[in-house]
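Under the working numbering, the residues of the sequence shown are numbered 130 to 298, in order.
Ideal Cβ placement from N, Cα and C applies to all residues, glycine included.
Reviewing the structure listed below.
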Amino acid sequence: MLLGLMVGSFLNVVIHRLPKMMERAWREQCAELSGDPNDSAPAATYNLVVPRSACPSCGATITALQNIPVLSYVFLRGRCANCQAAIGVRYPLVELSTGLLSGLLAWHFGPGVSALAAIVFTWALITLTCIDFDTQLLPDSITLPLLWLGLIFNIPATFTHLSSAVIGA
Numbered sequence: 130m131l132l133g134l135m136v137g138s139f140l141n142v143v144i145h146r147l148p149k150m151m152e153r154a155w156r157e158q159c160a161e162l163s164g165d166p167n168d169s170a171p172a173a174t175y176n177l178v179v180p181r182s183a184c185p186s187c188g189a190t191i192t193a194l195q196n197i198p199v200l201s202y203v204f205l206r207g208r209c210a211n212c213q214a215a216i217g218v219r220y221p222l223v224e225l226s227t228g229l230l231s232g233l234l235a236w237h238f239g240p241g242v243s244a245l246a247a248i249v250f251t252w253a254l255i256t257l258t259c260i261d262f263d264t265q266l267l268p269d270s271i272t273l274p275l276l277w278l279g280l281i282f283n284i285p286a287t288f289t290h291l292s293s294a295v296i297g298a
C-alpha cells in the first residue's frame, strides 16, 4: 500500500504535466509548420522529472517533506506552505485511491503476474480518468502501451482468453 501511495504521488505529476507536455509539442509542431520565427521560441525543459514540483499559485518549489503522499496534505491542512493557497483535494484522493486499490488488488490476486498486471492497469486507468476529466483527452502514450500490455498479459489467459482480449481490443 505504501508503494501505491508513492506511485499515486507520481501519477499526480503525470496527470498534471502530460497534457501540458502534449500541448507544448503541438504548439512546437504548429510553429514549425507555420514557419513563424516568433512562434518557435525555445522553451525551458518541461517533462515528468524537470522542473521540480511547485505551487501553481506562487511558484514556490515543493520540498521533499511537503511531497510525502497524503501526510503532507494533512500536515499542511490542504494549503501551500509558502502562500497558503488551497491545494486541490484531488491530490490526496489520487494518492489514497492508488494506494488502496493497489493493496486491494495485491491481496485479491496474491503474489504473481496477475497482481502486477492488475495493479499496473489500475494505475494507468486512474491516470487516464483524471486526464480525461480535465482535458477530454486520452493520451496515446498511455492508451497504446496499455492496449498491447493487455494483449500480452492475456496470451497465457491471465484474465481472459486471448481471443476475447483481441476482440475486446
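Run through the segment 153 to 187 for me and flag every whole beta strand (DSSP E) of 3 or more residues, listed as ranges in chain order.
-> none
Identity of the residue in Trp-252, Tyr-220, Leu-222 nearest Ala-235 by Cα | Trp-252
State the beta-bridge partners of Arg-208 as determined by DSSP.
-> Answer is Ala-215, bridged to Arg-208.
CB contact flag (Pro-268, Ile-281, <8 Å) = Ile-281 sits away from Pro-268, with the two beta carbons spaced by 8 Å or more.
Let me know the secondary structure DSSP gives Thr-264 once reduced to three states.
-> helix
Ala-214 and Ser-243: beta carbons closer than 8 Å?
-> no
Return yes when the C-beta of Thr-190 is under 7 Å from any heavy atom of the ligand HEM, and no when it is not.
-> Annotation note on the ligand HEM: not contained in the displayed structure, which lists no ligands.
Assuming Asn-283 and Leu-273 make a contact with CB atoms under 8 Å, what is their CB distance in whole Å?
-> Their Cβ separation, rounded to whole angstroms, is 16 Å, which puts Asn-283 and Leu-273 out of contact at 8 Å.
In chain order, what residues of the same chain have a beta carbon less than 8 Å from the beta carbon of Arg-146, not counting five sequence neighbours either side?
-> Tyr-175, Asn-176, Leu-177
Which two residues bound the contiguous alpha helix (DSSP H) that contains Pro-274?
-> 269 to 282
Tell me where the alpha helix (DSSP H) around Ile-296 begins and ends.
-> From DSSP, the alpha helix (DSSP H) with Ile-296 extends over 291 to 297.
Simplified DSSP state of Thr-190, which is helix, strand or coil = Looking at Thr-190 - three-state DSSP - the assignment turns out to be strand.
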